[in-house]
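Shown next, in structure tokens, is the structure this report addresses.
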Amino acid sequence: MTEKKETKKVDNALLAVIRIRGGINTERKIKSTLELLMLHKVNHCVIIPKKPELEGMAKRAAGYVTWGDVSNEMIEKMVYKRGRLVKDKRVDKKDVKDIAKKILDGKETGIKPVFRLNPPSKGFKNTRLLYPRGALGYRGE
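Residue numbering for the sequence shown follows my numbering, beginning at 171 and increasing consecutively.
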């Protein structure tokens, strides 16, 4: 008898997409994809729902971004350290868990959709190769 593998469908699975490379000599399709993902500058990060359409957009821009699945703890940490309210104010520590839960549920949060990150402390491994050997592409979790 053949056993069927059960795949758990997670309704609120999210992806973090981070722009690694700049926009000089970029194709028009890739540039418009990055604009649709709201990744206007290097080291900007957005959290998007894990849908086939949005994953396809990340794959199209794979030479310029890296992406991977995010956990609840990672979202809380990003909101606390890098989350900004309107007028660039920091998020209160007491509101972090509520905002992270709203992000997981896909509700309106009141924070800016783009997280402005610092570059890696010892630099990227390689910005021209995909993940196992470089910084670009899908990273898993």
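Note that CB positions come from ideal geometry on N, CA and C, so glycine has one too.
With a 10 Å radius around the Cβ and a threshold of 16 neighbouring Cβ atoms, residue 281 comes out buried. Straight-line spacing of the CA atoms in residue 229 and residue 182 works out to 20 Å. Under the 8 Å Cβ criterion, the segment 188 to 205 does not count as touching the segment 257 to 266, having fewer than three qualifying pairs.
In the structure shown, residue 222 adopts helical secondary structure according to DSSP, grouped into three states. Taking a 10 Å sphere around the C-beta of residue 214, we find 16 or more other C-beta atoms and assign the residue as buried. In the pairwise beta carbon analysis, the segment 280 to 294 is classified as touching the segment 214 to 227: at least three pairs are separated by under 8 Å. Beta-bridge analysis with DSSP links residue 187 to 216, 237.
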